Amino acid sequence: MALRAVATAAMAARAAPWGMRRLCSTTSPSSFMPSPIAAMGNSEGTPLREQAPPSTNLFVSGLNKRTSTEKVREAFSQFGEVVDARVVTDRVSGYSKGFGFVRYATIEDAAKGIAGMDGKFLDGWVIFAEYARSRPERSPPQNNRSNSTGYNSYGR
């Protein structure tokens, strides 16, 4: 019975296109597929991303949709004086969008907050804390349909 299985597998391998054999092969590593660790970024397994400069403002991600601003403030206040905490919520449902911001009084407190809360559980979810990046500069919107008076001539 085992011999029949081996023979069937060998026939299927010969019938499969070369690319499919290479993709499904377990005998040699595929040259076009990176290792799981290399695909994730650096050797620690975290994605390779530009780090924001240290500041008192932290970006917190991975929040449960039921997590409130008060709960975030309470969790982060263990590591220093929290000046402001805000969970970004959906306008319609009122639930958290899964991220928020915490502002500490000092950069040292912010560093303690990151060390204390990054990768920890809050409301049953693993959260991530990092220094917040500043918003990119946005140019004012340009409306190609307006005339020199500023009124839209659409429909006139």
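For the sequence shown, our numbering assigns the number 1020 to the initial residue and increments by one for each residue that follows. A virtual CB, placed ideally from N, CA and C, is assigned to each residue, including glycine. All values reported here derive from a predicted model rather than from experimental measurement.
1. Quick one: complete beta strand (DSSP E) runs, 3+ long, within the stretch 1114-1156?
2. Below 8 Å on the Cβ atoms is my contact criterion, and I expect V1219 with T1088 to pass it. Report the Cβ-Cβ distance as a whole number of Å.
3. Taking 8 Å as the threshold (C-beta atoms), are G1099 and A1124 in contact?
4. Measuring alpha carbon to alpha carbon, tell me which residue in A1134, Q1097, D1128 and R1154 is nearest F1147.
5. Measuring only the C-alpha atoms, how far is E1093 from F1078?
6. Going by DSSP, what residue range makes up the beta strand (DSSP E) through V1101?
7. Should G1119 go down as buried or exposed, given a rule of 16 or more other Cβ atoms within 10 Å for buried?
8. Any idea if F1140 is buried or exposed, counting beta-carbon neighbours within 10 angstroms, 16 or more meaning buried?
9. Reducing DSSP to helix, strand and coil, say where S1096 ends up.
10. Helix or strand or just coil, what does DSSP make of V1079?
11. Using a 10 Å radius around the Cβ and a threshold of 16 neighbouring Cβ atoms, would you call S1158 buried or exposed?
12. Looking at V1145: is its Cβ nearer than 8 Å to the Cβ of G1081?
Looking at the coordinates:
1. Taken in chain order, the complete beta strand (DSSP E) segments of 3 residues or longer contained in the stretch 1114-1156 are 1115-1123 and 1147-1150.
2. Within the shown structure, residues of the chain are numbered from 1020 to 1175, placing residue 1219 beyond reach of any answer.
3. Contact flag set, yes.
4. Nearest of A1134, Q1097, D1128 and R1154 to F1147, Cα basis: A1134.
5. Our two residues, E1093 and F1078, have alpha carbons roughly 16 Å apart in a direct line.
6. Looking at the DSSP string, the run of the beta strand (DSSP E) that includes V1101 is V1101 to T1108.
7. Per the 10 Å Cβ criterion, buried.
8. By the 10 Å Cβ count, F1140 comes out exposed.
9. Of the three classes helix, strand and coil, the one that applies to S1096 here is helix, per DSSP.
10. Shown here, V1079 sits in a strand according to DSSP, grouped into three states.
11. Taking all protein chains shown into account, S1158 has fewer than 16 neighbouring C-beta atoms within 10 Å of its C-beta and is therefore exposed.
12. In this structure, V1145 places its C-beta atom within 8 Å of the C-beta atom of G1081.
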